[in-house]
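Participant: Start counting the sequence shown at 567; every next residue gets the next number (the numbering used here).
Below you will find the structure I want to go over with you.
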Amino acid sequence: MVRRSTSNVGRRKLLFTIGVLVAVLALVAASCNGDDDDGGGDASASAGDINTRREAAGLQPLTDAQLEAAALTYLPSGEIDPYIMFASGGHAGQMFVIGMPSMRLLKTIGVFTPEPWQGWGFGNEGTDAVLAQGDVGDQEIRWADTHHPALSETAGEYDGQFVFINDKANARVAVIDLRDFETKQIVKNPIAINDHGGTFVTPDTEWIIEGGQYATPHGWEFAPIESYDDEYKGMVTFWKFDRASGRIDENQSFALELPPYWQDLCDAGKLVSEGWIFCNSFNTERATGAGEDGSGENFEAGASARDNDYMHIIDIDKAVAAAQGGKTFDVNGFPVVGLQTLIDDGIMYFIPEPKSPHGVDVTPGGEYMVVSGKLDPHVTVYSIEKAEQAIANQDWVPDEYSGVPVLNFDSVMEAQVELGLGPLHTQFDDKGYGYTSLFLDSTVARWSLGPPYQDDGWKLEGAIPVNYNIGHLAAAEGDTVSPDGKYVVALNKWSIDRFFHPGPLLPQNFQLIDISAEPDTAPDTAGMQLLYDMPIGMGEPHYAQIIKADKLAPFDVYPEIGFDPATMAVDPNAPTAGTERVERNGNEVEIWQTAVRSHYTPDRITVKAGDHVIWHLTNIDTSIDATHGYALPSYNVTLSLEPGETGTFEFDATDSGVFPFYCTEFCSALHLEMAGYFLVEP
Ligand code: RUQ
Ligand code: CUA
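In C-alpha cells:
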C-alpha cells in the first residue's frame, strides 16, 4: 500500500488557511465597529493577537495545535464541505445530514418520525402514506430507533443515489431518495417485531440486509417463555431493492429462519467475499431472563456465560435459490427459508467468535471479517478464503442445539490483535490501517492490517482518547472497497464535560479526527489528531456513513411544475398557473390552488361545516430556495412545498370558524401577506 506524506503544498495551504482563520477571528472582534471585510485579507496576525482577542471575549487561549485544528475545520462562507455524513438519528427516528469537516448540520431528514419543517406527516397525503406503511398492525408508530444508515453502492462504492436505515425498535426499514433527500418507503418486517443487523447492502445494492436481534416467535405471535427453544426464533431478512423504481420489492423479498440466538450486526462481503453475508450473534446460551418468581438469571449474566458465540455466514446465491425454488414456509404471507433447509442446502455456517461480539466489518478487499467482542480486548480477524476451505474440507462440528455446522475456529482465524477494552466497531482507511472503537477505554485504536495491506501488520499502532463512551465510528467511505482515509468521526454516547449542560439530558458528542498522518508523526496518538467536537442534541446516533459530496447530485428545484415527491413524477391533477379553481360536488369541496411569491391563488375559500375538503396546492415558483409553507390552524396541517412541488391534503371541515392559513417560510418582502382565509360556515 502506498504511504502518503504531507506535502509542502499541503503545509503551505494549511499555513494560508490559518492566516485566513486569523483574519476571520479579527473580523469577529471588529464586528462592533461595523467592519464589513470579506475575511480574505490580513494573513499576518499572530496566535498572540488571536489569544488577546479571545481573552477579551472571555475565552481560553488556544494552543498552536488547537489553532491548527480550528483552521482544518473552518470553511469560509460559501465553501462547500467535501464530505457529507449521513448519521442515524437514534431514537429521534430521523437521519442527520452533516457537512465535513465543518461538522455543520445541514438537515434532519424526516424518516419514521413526523417532522413539521419538512411538512413530513402533517396532512400531506404523500408523506402520511409513507409513515402509515410503518404501522404495526393497528398501531400507528410515529417514532423509531434508527441505527445503521447504508448508502446505496455500485460495485462496492457509494453511488450517491439512495440511503437506507433500520428501526431497531419495530423492525422496519426506510428508503430515502438522495435526489430530494426525502423518505419514499417504509417496510415493516412481516416476521420480526425488532431488529438490529441492518441496514447493510450487497455491493450492487441488489439486497438490503436486515438482521434480527431479540428472538421472538415469528409473525409477532405469543408463545410462553418456557417454549423458548421451540417457538422463539432469530431471523435475517433479504429485502430486494429495485433501483429503477427506487423501492424495495416486497414480493421478491424473503427471510431466513435462524436459531433463537440474538443476531447482532451484519456486513456484506465484497470483492473476494462477495456473495456472503456475515451476522454476529450473542446469547447463544438461549438465556430467558429472570422471572418475577425468582427463576432464571438476568440477561446480563445469562447471555454472556459461554466463551463463544457464533458468526453466521450465509451464502446469498444459495439462499436466493432456496427462496425462489419455493423451499419456504409462509409467515404473515412472507416466505421464510427454514433452518433445516439452511443446513441441508449448505446455505449457512457458523464460525465461533469470542463471547458477546458486537460489530463485524469486512476489509476493503473483502479478504477478512473483523469481529470485536465487547468482553474481549482483541479484535479477531477471520479469512474468507480459509472459511471457504474449511467448508470444502467439512472441517466442522454440528452446533449441539441447532445442528448448523460450526467451522473449526483455528482453521478460519487469521489473526487476533489486542487493542484494549470494549472493542465494538471497525472502519478502514486507504493506507492499510483499521480503526476500532473501544467503548470501555473511550478511545479509537489504530492498527495495521496484515497482508495484502501491510507486510508487517496485525499490530496495534496506538490510540487517541475520545470523550466519552464511543459506540460506532465512521471513516470517510470507510466501509467501501476504496476508503478515502482523511477523517474518522467518533460517535460518542457521553459528553460529560464537553459542553454546557442543558439540563440532565446531555447531548451526544461527534468528534472529528484527522487520520491523514502516519502513526510515527505523533506517537502519543498514533498520528491521529482531534479536530472538532460536535454536540448532537437529538436522539442517540449509532452508525453513520461518510460520502464524497461530489458523488451526490440532488435536485436544486423539482424538475417540473406539479412534481409529486411520492411518485417522483408530475401529478397530472396538480394545480398550475391558470387552472386554479374550487369545485363543489355535494358535500365534497375540491380546491386547486397555487402558491407563488407572495400569494396563494385563490386566497379566500368558503365551505360549510361538515364538508369534506380535498385541497391540492402547487408551489409554482422555480427559483432555488423559494419554498412556500402552508399552515392551517386547528386542523393539524402543515406543508412544505419546495419549488415545483405539489401536495394534497384532505380533511373533514368539522369545526366551523375562520381559519387564516399562511406561508411558514419567510419567502419575500410581502411574506406576511402570503396568507388567506379558510371560512367554515356553521
Ligand atoms: S450498534 S453503538 Cu446498532 Cu454498536 Cu449502536
Ligand atoms: Cu411563501 Cu412566505
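Heads up, the beta-carbon is just placed ideally off N, CA and C, and yes, glycines get one too.
In its own chain, which residues sit with a C-beta less than 8 Å from the C-beta of residue 695, not counting the 5 before and 5 after it?
Facilitator: For the purposes of this step, residue 695 is taken as the residue at position 129 of the sequence shown. These residues qualify, in order along the chain: 1132.
Participant: Please classify residue 967 as buried or exposed, where buried requires at least 16 other C-beta atoms within 10 Å of its C-beta.
Facilitator: Along the sequence shown, one-based indexing puts residue 967 at 401. That one is exposed.
Participant: Regarding residue 1163 and the ligand CUA, is the C-beta to nearest heavy atom distance less than 7 Å?
Facilitator: Against the sequence shown, residue 1163 aligns to sequence position 597. Under cutoff, so the answer is yes.
Participant: Look at the alpha carbon of residue 1094 and the alpha carbon of residue 851, and state the distance between them as a whole number of angstroms.
Facilitator: Position 528 of the sequence shown, counted from the start, is the residue given in the question as residue 1094. Position 285 of the sequence shown, counted from the start, is the residue given in the question as residue 851. Each residue's alpha carbon lies about 39 Å from the other.
Participant: Under a three-way DSSP split, which group does residue 885 fall into?
Facilitator: Position 319 of the sequence shown holds residue 885. If DSSP states are grouped into helix, strand and coil, residue 885 belongs with the helices.
Participant: To the nearest angstrom, how far is the alpha carbon of residue 932 from that of residue 754?
Facilitator: Position 366 of the sequence shown, counting from 1, holds the residue named residue 932. Position 188 of the sequence shown, counting from 1, holds the residue named residue 754. Near 30 Å, if we compare the C-alpha coordinates of residue 754 and residue 932.
Participant: Cα-Cα, which of 797, 1235, 705 is closest to residue 1164?
Facilitator: One-based indexing of the sequence shown puts residue 1164 at position 598. Comparing Cα-Cα distances from residue 1164 to each of 797, 1235, 705, the minimum goes to 1235.
Participant: Does the beta carbon of residue 1240 fall short of 7 Å from some heavy atom of the ligand CUA?
Facilitator: Against the sequence shown, residue 1240 aligns to sequence position 674. Under cutoff, so the answer is yes.
Participant: Could you tell me the distance, in whole angstroms, from the CA atom of residue 1251 to the CA atom of residue 977?
Facilitator: In this structure the chain extends from 567 to 1248, so residue 1251 is not present and cannot be described.
Participant: Rounded to whole angstroms, what is the Cα-Cα separation between residue 1056 and residue 890?
Facilitator: Taking the first residue of the sequence shown as 1, we reach residue 1056 at position 490. Taking the first residue of the sequence shown as 1, we reach residue 890 at position 324. Rounded to the nearest whole angstrom, the C-alpha separation of residue 1056 and residue 890 is 41 Å.
Participant: State yes or no: is the C-beta of residue 990 nearer than 7 Å to some heavy atom of the ligand RUQ?
Facilitator: Position 424 of the sequence shown, counting from 1, holds the residue named residue 990. Correct: residue 990 has its Cβ closer than 7 Å to the ligand RUQ.
Participant: Would you kindly check if the distance between the Cβ of residue 1231 and the Cβ of residue 1194 is under 8 Å?
Facilitator: Stepping through the sequence shown from its first residue, residue 1194 is reached at position 628. Stepping through the sequence shown from its first residue, residue 1231 is reached at position 665. Yes, the Cβ-Cβ distance between residue 1194 and residue 1231 is below 8 Å.
Participant: Can you tell me the Cα-Cα spacing of residue 1143 and residue 1186, whole angstroms?
Facilitator: As a working mapping, residue 1143 is identified with position 577 in the sequence shown. As a working mapping, residue 1186 is identified with position 620 in the sequence shown. In a straight line, the C-alpha of residue 1143 is about 7 Å away from that of residue 1186.
Participant: By Cβ distance below 8 Å, which residues in the same chain neighbour residue 873 in space, the five residues on each side in sequence not counted?
Facilitator: Taking the first residue of the sequence shown as position 1, residue 873 is located at position 307. Excluding residues within five positions, the ones whose Cβ falls inside 8 Å are 920, 921.
Participant: Could you tell me which of 903, 1161, 1155 sits nearest to residue 820, measuring between CA atoms?
Facilitator: What you label residue 820 is simply residue 254 of the sequence shown in a count that begins at 1. Out of 903, 1161, 1155, 903 has the C-alpha closest to the C-alpha of residue 820.
Participant: Assuming residue 612 contacts residue 641 (C-beta within less than 8 Å), just tell me the rounded distance between them.
Facilitator: Numbered from its first residue, the sequence shown carries residue 612 at position 46. Numbered from its first residue, the sequence shown carries residue 641 at position 75. Contact doesn't hold; Cβ gap of about 23 Å is too wide.
Participant: Rank 1166, 637, 887, 748 by C-alpha distance to the C-alpha of residue 677 and give the top, closest one.
Facilitator: Counting from one through the sequence shown, the residue named residue 677 turns up at place 111. If we check each option's Cα against that of residue 677, 748 comes out closest.
Participant: So the alpha helix (DSSP H) residue 977 belongs to, where does it begin and stop?
Facilitator: Mapped onto the sequence shown, residue 977 falls at position 411. Per DSSP, residue 977 belongs to the alpha helix (DSSP H) from 975–978.
Participant: So is residue 1025 buried or exposed if we call it buried at 16+ other beta carbons inside 10 Å?
Facilitator: Position 459 of the sequence shown, counted from the start, is the residue given in the question as residue 1025. Around the beta carbon of residue 1025, fewer than 16 other beta carbons lie within 10 angstroms, which makes this residue exposed.
Participant: To the nearest angstrom, report how far apart residue 644 and residue 663 are at their CA atoms.
Facilitator: Translated into positions along the sequence shown, residue 644 becomes position 78. Translated into positions along the sequence shown, residue 663 becomes position 97. Roughly 18 Å separates the two Cα atoms.
Participant: Tell me the residue span of the alpha helix (DSSP H) that contains residue 954.
Facilitator: Start at 1 with the first residue of the sequence shown, and residue 954 comes out as number 388. Counting along the chain, residue 954 sits inside the alpha helix (DSSP H) bounded by residues 950–958.
Participant: Quick check: is any heavy atom of the ligand RUQ less than 7 Å from the C-beta of residue 1037?
Facilitator: The residue you call residue 1037 lines up with position 471 of the sequence shown. Checking every heavy atom of the ligand RUQ against the Cβ of residue 1037, one is found closer than 7 Å.
Participant: In this structure, does DSSP put residue 691 in helix, strand or coil?
Facilitator: Within the sequence shown, numbered from 1, the residue matching residue 691 stands at position 125. Residue state, collapsed to three classes: helix.
Participant: How should residue 1124 be labelled, buried or exposed, when 16 other C-beta atoms within 10 angstroms of its C-beta is the threshold for buried?
Facilitator: As a position in the sequence shown, residue 1124 is number 558, starting the count at 1. With 16 or more Cβ atoms within 10 Å of its Cβ, residue 1124 is classed as buried.
Participant: Can you grab the Cα-Cα spacing for the pair residue 1110 / residue 1183, in whole Å?
Facilitator: Along the sequence shown, one-based indexing puts residue 1110 at 544. Along the sequence shown, one-based indexing puts residue 1183 at 617. If you take the alpha carbons of residue 1110 and residue 1183, they lie about 36 Å apart.
Participant: Taking the alpha-carbon of residue 928 as reference, which of 1206, 1015, 1126, 658 has the nearest alpha-carbon?
Facilitator: Locating residue 928 in the sequence shown gives position 362, counting from the first residue. The shortest Cα separation from residue 928 among 1206, 1015, 1126, 658 belongs to 1015.
Participant: Ignoring anything shorter than 3 residues, give me the beta strand (DSSP E) runs that lie fully in the region 1080–1124, in order along the chain.
Facilitator: 1095–1102, 1110–1114
Participant: Report the three-state DSSP secondary structure of residue 1135 (helix, strand or coil).
Facilitator: Sequence index remark: in the sequence shown, residue 1135 carries index 569 (1-based). Look at residue 1135 here: in three-state DSSP terms it is strand.
Participant: Can you give the Cα-Cα distance for residue 1013 and residue 909, rounded to whole angstroms?
Facilitator: In the sequence shown, the residue the question calls residue 1013 occupies position 447. In the sequence shown, the residue the question calls residue 909 occupies position 343. Rounded to the nearest angstrom, the two C-alpha atoms are 36 Å apart.
Participant: So, residue 848 versus residue 815, is the Cβ gap smaller than 8 Å?
Facilitator: Taking the first residue of the sequence shown as position 1, residue 848 is located at position 282. Taking the first residue of the sequence shown as position 1, residue 815 is located at position 249. No, these two residues do not count as a Cβ contact at 8 Å.
Participant: Compute the minimum distance between the beta carbon of residue 1208 and the heavy atoms of the ligand CUA, and state whether it is under 7 Å.
Facilitator: If you number the sequence shown from 1, residue 1208 lands on position 642. Distances between the C-beta of residue 1208 and the heavy atoms of the ligand CUA are all 7 Å or more.
Participant: On the premise that residue 776 lies in contact with residue 785, defined as a C-beta separation below 8 Å, what is that separation, rounded to the nearest angstrom?
Facilitator: For this step, residue 785 is matched to residue 219 along the sequence shown. For this step, residue 776 is matched to residue 210 along the sequence shown. Contact check for residue 785 and residue 776: beta-carbon distance about 16 Å, past the 8 Å limit, so the pair fails to qualify.
Participant: Is residue 944 a contact residue of the ligand RUQ, with contact defined as CB to any heavy atom under 7 Å?
Facilitator: Looking up residue 944 in the sequence shown gives position 378. False, no ligand heavy atom lies under 7 Å from that Cβ.
Participant: Taking 8 Å as the threshold (C-beta atoms), are residue 885 and residue 804 in contact?
Facilitator: By 1-based counting over the sequence shown, the position of residue 804 is 238. By 1-based counting over the sequence shown, the position of residue 885 is 319. Cβ atoms of residue 804 and residue 885: closer than 8 Å.
Participant: What does a CB cutoff of less than 8 Å around residue 772 pick up in its chain, not counting 5 residues either side in sequence?
Facilitator: As a first step, residue 772 must be located in the sequence shown, where it is residue number 206. 806, 807.
Participant: Where in the region 1202–1228 do unbroken runs of the alpha helix (DSSP H), each at least 4 residues long, occur, reported from the N-terminal end onward?
Facilitator: When DSSP assignments are scanned along the region 1202–1228, no uninterrupted stretch of alpha helix (DSSP H) that is 4 or more residues long falls wholly within it.
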